[in-house]
Amino acid sequence: MNVSPSKLNTFLLFKLPSAYFCGVRTKLLNDTTCVVSVKHRWLNQNPFNSMFWAVQGMAAELTTGALVMSKIRTSGKKISMLVANNNASFTKKATGRITFTCNEGQLIDNTIEKAISTGEGQTVWLNSKGINNEGVQVSDFNFEWTLKVKN
13 MNVSPSKLNT
23 FLLFKLPSAY
33 FCGVRTKLLN
43 DTTCVVSVKH
53 RWLNQNPFNS
63 MFWAVQGMAA
73 ELTTGALVMS
83 KIRTSGKKIS
93 MLVANNNASF
103 TKKATGRITF
113 TCNEGQLIDN
123 TIEKAISTGE
133 GQTVWLNSKG
143 INNEGVQVSD
153 FNFEWTLKVK
163 N
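Residue numbers (this note's numbering): 13 to 163.
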């Protein structure tokens, strides 16, 4: 079974309802890229009338995690995945629709290949940028994923 945007959105409803009800939605998932968007609204705002940083983090993490899940499924191996570290920077108030994009599918492929060939756990840093309707970057997230082939 392939991982698709509609399946990811259904997954959010049942497994990550806070992300779903905050409006986090997968728009695109292919071999290299995942795009997730979320619109600033009353339910996901902070006291400063912009999107709460954690909502941005949920959307950004989903772009990287969905790519990792998709690549693991394609590999045909049982591989565990877990976020070990993350960091973020915020450069502008997040209002309107914010679109997060991760374009690092090839980096994930390389990491999975190394995990399979060595049998050792591997880590990979993946980036997701949040861009507003005007094309201005509002946030920049990095997630360190650990990948390990299960026996």
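Virtual Cβ for every residue (Gly too), placed ideally from N, Cα, C.
Using a threshold of 8 Å, state whether the C-beta atoms of Trp157 and Val80 are closer than that.
Yes, the pair counts as a contact, with Cβ atoms nearer than the cut-off.
Does the segment 141-148 touch the segment 83-90, meaning 3 or more C-beta pairs lie closer than 8 Å?
In this structure the segment 83-90 does not lie against the segment 141-148, because fewer than three pairs of beta carbons, one per stretch, are closer than 8 Å.
Would you call Asn14 buried or exposed, if buried means 16 or more other Cβ atoms sit within 10 Å of its Cβ?
Of the residues assessed, Asn14 falls on the exposed side of the cut-off, its CB having fewer than 16 other CB atoms within 10 angstroms.
Have a look at Glu132, Met63, Ser129 and Met70 and flag the residue whose alpha-carbon is nearest the alpha-carbon of Thr103.
Of Glu132, Met63, Ser129 and Met70, the residue nearest in Cα terms is Met63.
Under a Cβ-count criterion, where at least 16 other Cβ atoms within 10 Å of its own Cβ denotes burial, should Gln118 be classed as buried or exposed?
With fewer than 16 neighbouring CB atoms inside 10 Å of its own CB, Gln118 falls in the exposed class.
Identify, in the order they occur along the chain, each residue of the same chain with its Cβ nearer than 6 Å to the Cβ of Glu43, setting aside the five sequence neighbours on each side.
The residue asked about is misnamed: residue 43 is Asp in this sequence, not Glu. Around Asp43: Gly117.
As a quick exercise: from Ser18, Asn56 and Val95, pick the residue whose alpha carbon is nearest that of Leu41.
Checking every option, the nearest Cα to that of Leu41 belongs to Ser18.
Which class does Ala106 belong to by DSSP, given the choice of helix, strand or coil?
If DSSP states are grouped into helix, strand and coil, Ala106 belongs with coil.
Taking the alpha-carbon positions, what's the Glu132 to Lys27 distance?
Cα-Cα distance, rounded: 29 Å.
If you drop the 5 nearest sequence neighbours on each side, which residues of the same chain put their C-beta closer than 6 Å to that of Thr38?
Once the five neighbours on either side are set aside, the close Cβ partners of Thr38 are Pro17, Leu20, Asn21 and Val48.
Could you tell me which whole beta strand (DSSP E) segments of length 3 or greater appear in the segment 129-161?
The segment 129-161 contains these whole beta strand (DSSP E) runs: 134-143 and 149-161.
Assuming the contact rule is C-beta atoms closer than 8 Å, Val161 and Ile120 should be a hit. Round their C-beta distance to whole Å, please.
Val161 to Ile120, Cβ: 14 Å. No contact.
Alpha carbon to alpha carbon, how far is Asn163 from Thr130?
Their Cα atoms are separated by approximately 13 Å.
Could you check the C-alpha separation between Val67 and Phe60 for me, to the nearest Å?
Their backbone Cα atoms lie some 14 Å apart in a straight line.
Residue range of the alpha helix (DSSP H) that Lys27 falls in?
Run containing Lys27: Pro17 to Lys27, per the alpha helix (DSSP H) assignment.
For Thr111, does the three-state DSSP call read helix, strand or coil?
If DSSP states are grouped into helix, strand and coil, Thr111 belongs with the strands.
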